[in-house]
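Protein chains in written order, with UniProt numbering: chain A, 1 to 162; chain B, 1 to 162.
Here the structure is laid out as structure tokens; the discussion comes afterwards.
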DNA sequence: GCAATAAAAGACAAATTTATCTTTAATTAA
DNA sequence: TTAATTAAAGATAAATTTGTCTTTTATTGC
Ligand code: FES
Ligand code: FES
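Now the structure itself:
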């Protein structure tokens, strides 16, 4: 007899990894401040994007190594994005640096490679979605994202956490 | 000085979890066989979809508990999907059972909830993509996927692994 | 030079996901 | 009833991801 309908999600899975989510939110926060000429420290970043500070610090290291964010040590130091860079940096660069490209290039159901010649059953439908995702990630600049936050249209954390 | 450009993906992340990928591939394989009136055992499943057998067995337990796949113990037992069920079962049921719904409902950059009233910077772009993903998962039946494999148009594993 | 500041680097630790192995329960056939 | 078969359940282990803590390095101001 089959009684049990709808257990739920043994894995709680987001589109991107936590590391990537933090990386994106952090980059946007830093960009909004850089546009006002303000460098921000890791403490502020973690507070403003509501993320664990030491882990966020690790992610910042990845982003700086990839040349996405610039960092300065010492008094008055912190993280920033130059006015030129903020216009050219795309969301996809952050995703690539942290989660890699499989999300928009790999086979949706895990075949070792996605290929037109040897497609999996979801290949053609998935291709469309991945394509849209890829397009969006490639087109969206850090500046776009940051300006929306600066204007107060968009937010980097949920409201009132008391 | 900033020398280092483009490190790569500290996380190798697919769209779905391994568990979910195996679950989808397994379900499709079982469905193709059920349509020929054949029950398949866990051994065949794992072999045909190129997945680790014991782990795949665990996933089958989840799918049977959710009423997606039917199982029979004992001699001549194995896994199957009824001719009626295969027409009504949607891809989304498998994803929900294993990865949950955050991938097509949750905020793309990890805000605790995705909300129109308090949107994150990628909200409106992401909504479109998630919507398309949701639509695809909701519409695609196991039968569609299985029939493509049966006809030989689609595949459940990569070629020649010697 | 010296103290203060702040990120980088490295070593750990916890949690989650993936994978394996053993025992149990159900079913069939003889 | 017994033996064979096959999935379910449970315990455990490995790998990956997430999170923390300490030490080092670079920079600034004095
Ligand atoms: S082969 Fe699976 S998505 Fe292309
Ligand atoms: S709030 Fe982030 S996607 Fe809707």
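Quick reminder that beta carbons are idealized off the backbone N, C-alpha and C, glycines included.
State the Cα-Cα distance for the pair residue 97/B and residue 10/A, rounded to the nearest angstrom.
Taking the second chain and counting its residues from 1, the one referred to as residue 97/B is at position 97. Taking the first chain and counting its residues from 1, the one referred to as residue 10/A is at position 10. About 7 angstroms.
Please list the partners that residue 140/A has in chain B, where partner means a Cβ-to-Cβ separation under 8 angstroms.
Here residue 140/A is taken as the residue at index 140 of the first chain, counted from 1. The contacting residues are 122 and 125.
Specify, as a first and last residue, the run of the beta strand (DSSP E) that residue 79/A falls within.
For the purposes of this step, residue 79/A is taken as the residue at position 79 of the first chain. Taken as a continuous stretch (DSSP letters only), the beta strand (DSSP E) holding residue 79/A covers 78-80.
Between the CA atoms of residue 26/A and residue 19/A - distance to the nearest angstrom
If you number the first chain from 1, residue 19/A lands on position 19. If you number the first chain from 1, residue 26/A lands on position 26. One C-alpha to the other measures close to 10 angstroms.
Please report whether the beta-carbon of residue 119/A lies at a distance below 8 angstroms from any beta-carbon of chain B.
Working through the first chain from its first residue, we reach residue 119/A at position 119. It does: the Cβ of residue 119/A has a partner Cβ on chain B nearer than 8 angstroms.
Going by Cα to Cα distance, which pick from 93/B, 53/B and 41/B is closest to residue 75/B?
To locate residue 75/B, count along the second chain from 1; it is residue 75. The shortest C-alpha separation from residue 75/B is found at 41/B.
Every unbroken beta strand (DSSP E) inside the region 53-96 of chain B [3 residues or more]:
70-72 and 78-80
In this structure, does DSSP put residue 32/B in helix, strand or coil?
For the purposes of this step, residue 32/B is identified with residue 32 of the second chain, where counting begins at 1. Residue 32/B falls in the helix class under three-state DSSP.
Please work out which residues of its chain come closer than 7 angstroms, Cβ to Cβ, to residue 17/A, disregarding the five sequence neighbours upstream and downstream, and give them in chain order.
Position 17 of the first chain holds residue 17/A. Hits under 7 angstroms: 98 and 99.
On a CA-only basis, which of 115/B, 67/B, 120/B and 22/B is nearest residue 46/B? Give me that one, please.
Sequence index remark: in the second chain, residue 46/B carries index 46 (1-based). The shortest Cα separation from residue 46/B among 115/B, 67/B, 120/B and 22/B belongs to 22/B.
Quick one: Cα of residue 49/A to Cα of residue 138/B, how far?
Against the first chain, residue 49/A aligns to sequence position 49. Against the second chain, residue 138/B aligns to sequence position 138. Between residue 49/A and residue 138/B, the C-alpha separation is close to 33 angstroms.
Pull up the distance between the alpha-carbon of residue 31/B and that of residue 150/A, whole angstroms please.
For this step, residue 31/B is matched to residue 31 along the second chain. For this step, residue 150/A is matched to residue 150 along the first chain. Distance between the alpha carbons of residue 31/B and residue 150/A is about 52 angstroms.
Using a Cβ cut-off of 7 angstroms, pull out every chain A residue sitting near residue 17/B, in sequence order please.
For this step, residue 17/B is matched to residue 17 along the second chain. Under the 7 angstroms cutoff, chain A gives 11 and 13.
Report the option in 43/B, 136/B, 55/B and 69/B whose CA atom is closest to the CA atom of residue 104/B.
Position 104 of the second chain, counted from the first residue, corresponds to residue 104/B. The shortest Cα separation from residue 104/B among 43/B, 136/B, 55/B and 69/B belongs to 136/B.
Name the chain B residues whose beta carbon is nearer than 8 angstroms to that of residue 158/A?
As a working note, residue 158/A is residue 158 in the first chain. Those within 8 angstroms of residue 158/A in chain B are 111, 112, 113 and 118.
Could you give the DSSP three-state label for residue 122/B: helix, strand or coil?
Position 122 of the second chain, counted from the start, is the residue given in the question as residue 122/B. Of the three classes helix, strand and coil, the one that applies to residue 122/B here is coil, per DSSP.
Alpha carbons only, please: which of 37/B, 73/B, 65/B and 113/B is nearest the one belonging to residue 94/B?
Stepping through the second chain from its first residue, residue 94/B is reached at position 94. Among 37/B, 73/B, 65/B and 113/B, the Cα nearest to that of residue 94/B belongs to 65/B.
Quick one: which chain A residues come within Cβ less than 7 angstroms of residue 149/B?
Numbered from its first residue, the second chain carries residue 149/B at position 149. Simply 121.
Cα-Cα separation, residue 55/B to residue 87/A
Counting from one through the second chain, the residue named residue 55/B turns up at place 55. Counting from one through the first chain, the residue named residue 87/A turns up at place 87. Roughly 46 angstroms separates the two Cα atoms.
Listing by chain order, which chain A residues have their CB less than 9 angstroms from the CB of residue 48/B?
Position 48 of the second chain holds residue 48/B. Here the premise fails: no neighbours, minimum Cβ distance about 13 angstroms.
Can you name the start and end residues of the alpha helix (DSSP H) that residue 105/B belongs to?
Indexing the second chain from 1 puts residue 105/B at position 105. 102-105 is the extent of the alpha helix (DSSP H) around residue 105/B.
Between which residues of its own chain and residue 72/A is the CB-CB distance below 6 angstroms, once the five residues before and five after are set aside?
Translated into positions along the first chain, residue 72/A becomes position 72. Contacts found: none.
Heavy atom of ligand 3 within 7 angstroms of residue 120/B beta-carbon
The model depicted lacks ligand 3 and carries ligand 1 and ligand 2 instead.
Using 10 angstroms around the beta-carbon of residue 79/A, count the other beta-carbons present and answer buried if the total reaches 16, otherwise exposed.
Indexing the first chain from 1 puts residue 79/A at position 79. Classification of residue 79/A: buried, given that the 10 Å Cβ count is 16 or more.
Counting only Cβ pairs nearer than 7 angstroms, list the residues of chain A close to residue 102/B.
Taking the second chain and counting its residues from 1, the one referred to as residue 102/B is at position 102. Within 7 angstroms Cβ-Cβ: 12, 13 and 14.
Does the beta carbon of residue 126/A fall short of 7 angstroms from some heavy atom of ligand 1?
Within the first chain, the letter at position 126 stands for residue 126/A. Correct: residue 126/A has its Cβ closer than 7 angstroms to ligand 1.
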